[in-house]
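Trainee:
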Amino acid sequence: MSPGPVMTIRPMTVDDLPGVQAIESASFTTPWPTHAYRQELEGNRLAQYLVCVMGGVIVAYGGIWLMVDEAHITTFAVHPRYRRRRIGEQLLLALMDLARRRHAREATLEVRLSNLAARRLYEKYGFRPVGIRPRYYSDNGEDALIMTTEPLELPVMLDRIARLRTELAEAPAPSVEPDPDDGAAPVLDAGPRRLATATRNGGLG
Ligand SMILES: CC(C)(COP(=O)(O)OP(=O)(O)OC[C@H]1O[C@@H](n2cnc3c(N)ncnc32)[C@H](O)[C@@H]1OP(=O)(O)O)[C@@H](O)C(=O)NCCC(=O)NCCS
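Residues 230 to 434, numbered by the working numbering, are exactly what the sequence shown covers, in order.
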């Protein structure tokens, strides 16, 4: 018999911020401060943030800005002890569904060139490299790779998403048990980090 759903994905609230901050600090060397997330939730009507919850624990979160006809992924992380369980995939799928419901034509993001795990995930979901932002990350001057999908309503994208959704539905549900704490250090701040651009690189754009 199926154990039933063990993970839910829902909009982030301010009550989630301690859990989000724990993942943020464990995932990025230059984490966004809690007040930045609070400001996003309370003051940015373009922003939409989601959390993944398993057994009452926040295990992942991500966000988009819906700007004109584009969904820009601003941040995205899975708790280090819950990675490689297709949680990232489910969250990305939920963000892309949200983008389509809000009539975004396409989705886009920036990612560190060196962040191969995230690049593979995005490629799997139809994001393609379209350009470079030189020295985008102020901590080490690394370039950002700009990745963008084809229009979300194109048959090629709809087919890809439908196939991946089916594969995810057929995969075993992710275990709620965390991996042992192996003392993994945060990865170099890796993400799309749109807000980070404002706080770390001196201005949006
Ligand atoms: C990138 C990240 C979100 C992936 O989350 P995850 O839940 O572990 O990923 P999933 O289990 O859903 O994996 C989905 C796909 O991503 C890719 N992937 C994920 N981790 C990978 C790794 N360590 N190496 C290579 N590919 C990887 C694979 O394509 C995988 O599909 P496959 O299993 O069919 O090969 C997670 O590693 C993370 O939070 N990293 C730190 C923060 C970060 O980099 N955020 C993204 C910023 S752009």
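Note that the Cβ used here is the ideal one computed from N, Cα and C, for glycine as well.
Everything numeric in this text was worked out from a predicted model, so none of it was measured.
Classify Met241 as helix, strand or coil using the three-state DSSP reduction.
Mentor: coil
Trainee: Mind checking whether the beta-carbon of Glu318 lies closer than 6 Å to any heavy atom of ligand 1?
Mentor: Taking 6 Å as the cut-off, one finds at least one heavy atom of ligand 1 near enough to the beta carbon of Glu318.
Trainee: Let me check understanding here. Comparing Cα to Cα, which of Met386, Ala346 and Ser367 lies closest to Arg315?
Mentor: Ala346
Trainee: Return the chain-ordered list of same chain residues with a C-beta closer than 8 Å to the C-beta of Arg392, the five sequence neighbours on each side being excluded.
Mentor: none
Trainee: CB-CB under 8 Å to Glu379, same chain, minus the five flanking residues each way: which ones, in chain order?
Mentor: Same-chain partners within the cutoff: Glu335, Gly355, Arg357, Val385 and Met386.
Trainee: How about Leu323 and Leu279: are their beta carbons less than 7 Å apart?
Mentor: One detail in the question is off: residue 323 reads as Ala in this sequence, not Leu. Going by C-beta atoms, Ala323 is nearer than 7 Å to Leu279.
Trainee: Give me the Cα-Cα distance between Thr242 and Arg330, rounded to the nearest whole angstrom.
Mentor: Distance between the alpha carbons of Thr242 and Arg330 is about 20 Å.
Trainee: Which full runs of the beta strand (DSSP E) of 3+ residues lie inside the segment 268-306, going along the chain?
Mentor: 276-283 and 286-296
Trainee: Given that a residue counts as buried once 16 or more other Cβ atoms are within 10 Å of its Cβ, and exposed if not, what is Asn369?
Mentor: exposed
Trainee: Give the DSSP-derived three-state secondary structure of Thr258 in the structure shown.
Mentor: Looking at Thr258 - three-state DSSP - the assignment turns out to be coil, as it is neither helix nor strand.
Trainee: With a threshold of 6 Å, establish whether the CB of Leu350 neighbours any heavy atom of ligand 1.
Mentor: If you check the C-beta of Leu350 against ligand 1, you find a heavy atom less than 6 Å away.
Trainee: Going by DSSP, what residue range makes up the beta strand (DSSP E) through His373?
Mentor: Sequence check: residue 373 is Ala here, not His. First-last of the beta strand (DSSP E) with Ala373: Ala373 to Thr377.
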